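Protein sequences appear in the order of chains A and B.
For the first sequence, position 202 (counting from the first letter as 1) is numbered 345 according to our numbering, and the numbering increases by one without interruption.
For the second sequence, position 101 (counting from the first letter as 1) is numbered 244 according to our numbering, and the numbering increases by one without interruption.
What follows is a set of notes on a single structure, which appears directly below.
2 protein chains.
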Amino acid sequence: MGRPEPATETRAPLSKELVLRTAVALADRHGIESLSMRKLADELGAGAMSLYYHVPNKEELIDGMVDIVFSEIEPPPLELDWKTAMRRRAHSTREVLNRHRWAVGLMEGRMKPGPAGIRLREAILGCLRRAGFSIEMTIQAYSVQDAYIYGFALQETDMSPETADDFAAVAEQQMDTYTDVLADFPNLVEVVGGHVARAGYDYATEFLFGLDLILEGLDGLRG
Amino acid sequence: MGRPEPATETRAPLSKELVLRTAVALADRHGIESLSMRKLADELGAGAMSLYYHVPNKEELIDGMVDIVFSEIEPPPLELDWKTAMRRRAHSTREVLNRHRWAVGLMEGRMKPGPAGIRLREAILGCLRRAGFSIEMTIQAYSVQDAYIYGFALQETDMSPETADDFAAVAEQQMDTYTDVLADFPNLVEVVGGHVARAGYDYATEFLFGLDLILEGLDGLRG
DNA sequence: ACCTGAACACCGTTCAAGT
DNA sequence: ACCTGAACACCGTTCAAGT
Numbered sequence: 144m145g146r147p148e149p150a151t152e153t154r155a156p157l158s159k160e161l162v163l164r165t166a167v168a169l170a171d172r173h174g175i176e177s178l179s180m181r182k183l184a185d186e187l188g189a190g191a192m193s194l195y196y197h198v199p200n201k202e203e204l205i206d207g208m209v210d211i212v213f214s215e216i217e218p219p220p221l222e223l224d225w226k227t228a229m230r231r232r233a234h235s236t237r238e239v240l241n242r243h244r245w246a247v248g249l250m251e252g253r254m255k256p257g258p259a260g261i262r263l264r265e266a267i268l269g270c271l272r273r274a275g276f277s278i279e280m281t282i283q284a285y286s287v288q289d290a291y292i293y294g295f296a297l298q299e300t301d302m303s304p305e306t307a308d309d310f311a312a313v314a315e316q317q318m319d320t321y322t323d324v325l326a327d328f329p330n331l332v333e334v335v336g337g338h339v340a341r342a343g344y345d346y347a348t349e350f351l352f353g354l355d356l357i358l359e360g361l362d363g364l365r366g
Numbered sequence: 144m145g146r147p148e149p150a151t152e153t154r155a156p157l158s159k160e161l162v163l164r165t166a167v168a169l170a171d172r173h174g175i176e177s178l179s180m181r182k183l184a185d186e187l188g189a190g191a192m193s194l195y196y197h198v199p200n201k202e203e204l205i206d207g208m209v210d211i212v213f214s215e216i217e218p219p220p221l222e223l224d225w226k227t228a229m230r231r232r233a234h235s236t237r238e239v240l241n242r243h244r245w246a247v248g249l250m251e252g253r254m255k256p257g258p259a260g261i262r263l264r265e266a267i268l269g270c271l272r273r274a275g276f277s278i279e280m281t282i283q284a285y286s287v288q289d290a291y292i293y294g295f296a297l298q299e300t301d302m303s304p305e306t307a308d309d310f311a312a313v314a315e316q317q318m319d320t321y322t323d324v325l326a327d328f329p330n331l332v333e334v335v336g337g338h339v340a341r342a343g344y345d346y347a348t349e350f351l352f353g354l355d356l357i358l359e360g361l362d363g364l365r366g
């Protein structure tokens, strides 16, 4: 597992930065359920308890990991019109969340937003206010967009098994389970059988469709 | 904790039903992170290992719990026009998810959908097809709505601390942390300070706003 | 300042066994 | 058919101690 440090070589000294970045990498590779303080320390070539010098506990470790994810999201560029700017940050969010699938359910929930999360929030609110939305409408517009973006990411993450093998296994098993009652679910058969199962199902296009539906709807509500 | 069974009284016999329903109640009360096989068995007055006769493992326990949640969601009523029917099921979903906050992140992800989840899916697809949407548009329309509904529930669950004390603590702490740099976040100050912090912030209204934005947008795209 | 091992109170699950 | 305790391989975290 990992690469065990040769005892002769001195290990890179720990730091909050290094601990967090390694934790993110580990979660990217193996998912967050399998991320333990002990394995993380191991990956760093350190004793399990060394982590606690740099991070108070696992909860705040995850807070820090989430803020790293926030820092990778491109804020709405100032020079673009509001819809294009929002599309850009939406796409960037989706892309980043696909790189860090473990983070999807955790972005909104942290009670302690980090600096990157705060900065992004500020940039988005500013973009909407400058576009002419009232304070009340800015809140609404922000809320719909984020609900959609994070909800879509949740679907996408959850519905795409990690490996092709997983996918085949799941598909086959569902067939087994429901084959005898398929007649009761004509619409499911029509939709799943006819379209979703096609390999070319394109999440990016689907994401854009819903996003533009929302952005166009909002455009009429500016002051 | 709970009510320890008096040794004289014979305990209700276990069953998959009872195990699942007790697990849901426990998760409702204490969150899903604190739900362990051992505590669940304890609550049932049984030994920890008794559960494994009724449920193969924790993963499938949770699958079963999620399907109970699905079973509580009202499907789109057949006799209503499509938008009203969809609004009904959307509200029902939000309400059920507020009763079972632990479930929000788990509804879409389970690789083994249960019967209730399947039935609900079928009903929604049927409603959209009857409304005149093409197969392709049905998929899109379904996807936008669910992304929004589950994304909104995610925000709402995550942003509402369990207790008023939690809320106060978080608010105060955020103030402490960012007071010195508040000048850098004028839009955040304006929006949070001016509106969101007001006690009367109404999630139901906000939910409806975004939902109708989407439904109206979709209405123009029927065949 | 930075790192550590032993110990504690937990987990999920296997297994061989009891009624 | 239904339930069980002991045991195994894990967890996060406290504490007192090492350099």
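All C-beta atoms in this analysis are idealised placements derived from N, C-alpha and C, irrespective of residue type, glycine included.
These numbers were taken from a predicted model, which means no experiment stands behind them.
Compare the C-alpha of residue i against each of the options and name the closest.
i	options	result
residue 224 of chain A	A/324, A/273, A/171, A/283	A/273
residue 221 of chain A	A/229, A/258, A/347	A/229
residue 184 of chain A	A/165, A/331, A/263, A/244	A/165
residue 346 of chain B	B/227, B/237, B/282	B/237
residue 233 of chain B	B/275, B/263, B/258, B/188	B/263
residue 271 of chain B	B/226, B/256, B/351, B/207	B/226
residue 269 of chain A	B/278, B/245, B/240, B/335	B/335
residue 364 of chain A	A/356, A/325, A/275	A/275
residue 329 of chain B	A/356, A/187, A/261	A/261
residue 251 of chain B	B/231, B/290, B/281	B/290
residue 259 of chain B	B/186, B/212, B/187	B/212
residue 231 of chain A	A/173, A/288, A/294, A/161	A/288
residue 324 of chain A	B/265, B/286, B/281, B/191	B/265
residue 193 of chain B	B/209, B/157, B/177	B/157
residue 188 of chain A	A/282, A/249, A/286, A/155	A/155
residue 172 of chain A	A/159, A/246, A/210, A/327	A/246
residue 190 of chain B	B/356, B/162, B/175, B/170	B/162
residue 93 of chain A	B/267, B/181, B/286, B/255	As displayed, chain A neither begins before 144 nor continues past 366, which places residue 93 of chain A out of reach and without an answer.
residue 160 of chain B	B/354, B/210, B/327	B/210
residue 235 of chain A	A/361, A/281, A/296	A/296
residue 300 of chain B	B/366, B/362, B/248, B/361	B/248
residue 360 of chain B	B/283, B/243, B/174	B/283
residue 369 of chain B	B/298, B/277, B/278, B/366	Nothing can be reported for residue 369 of chain B: it is not among the residues displayed for chain B, which extend from 144 to 366.
residue 278 of chain A	A/366, A/181, A/332	A/366
residue 281 of chain B	B/267, B/178, B/333, B/293	B/267
residue 240 of chain A	A/294, A/349, A/362	A/294
residue 349 of chain A	A/292, A/333, A/362, A/327	A/292
Which class does residue i belong to by DSSP, given the choice of helix, strand or coil?
i	result
residue 306 of chain B	Model confidence at residue 306 of chain B stands at a pLDDT of 49, short of 50, so the residue's coordinates are unreliable and nothing is read from them.
residue 255 of chain B	coil
residue 277 of chain B	coil
residue 237 of chain B	helix
residue 366 of chain B	coil
residue 154 of chain A	coil
residue 224 of chain A	coil
residue 216 of chain B	coil
residue 328 of chain A	coil
residue 345 of chain B	coil
residue 208 of chain A	helix
residue 229 of chain A	helix
residue 336 of chain B	helix
residue 283 of chain B	helix
Regarding residue i and the ligand SAM, is the C-beta to nearest heavy atom distance less than 7 Å?
i	result
residue 353 of chain A	Ligands displayed in this structure: none; no statement on the ligand SAM is therefore possible.
| 4-residue-minimum alpha helix (DSSP H) runs that sit fully inside the region 156-205 of chain A, ordered along the chain | 159-173, 180-186
| Given 8 Å as the limit, is there contact between the region 193-200 of chain B and the region 210-217 of chain B, that is, 3 or more CB pairs closer than that? | no
| request: Would you be able to state if there are at least three C-beta pairs under 8 Å between the region 165-182 of chain A and the region 201-213 of chain A? | output: yes
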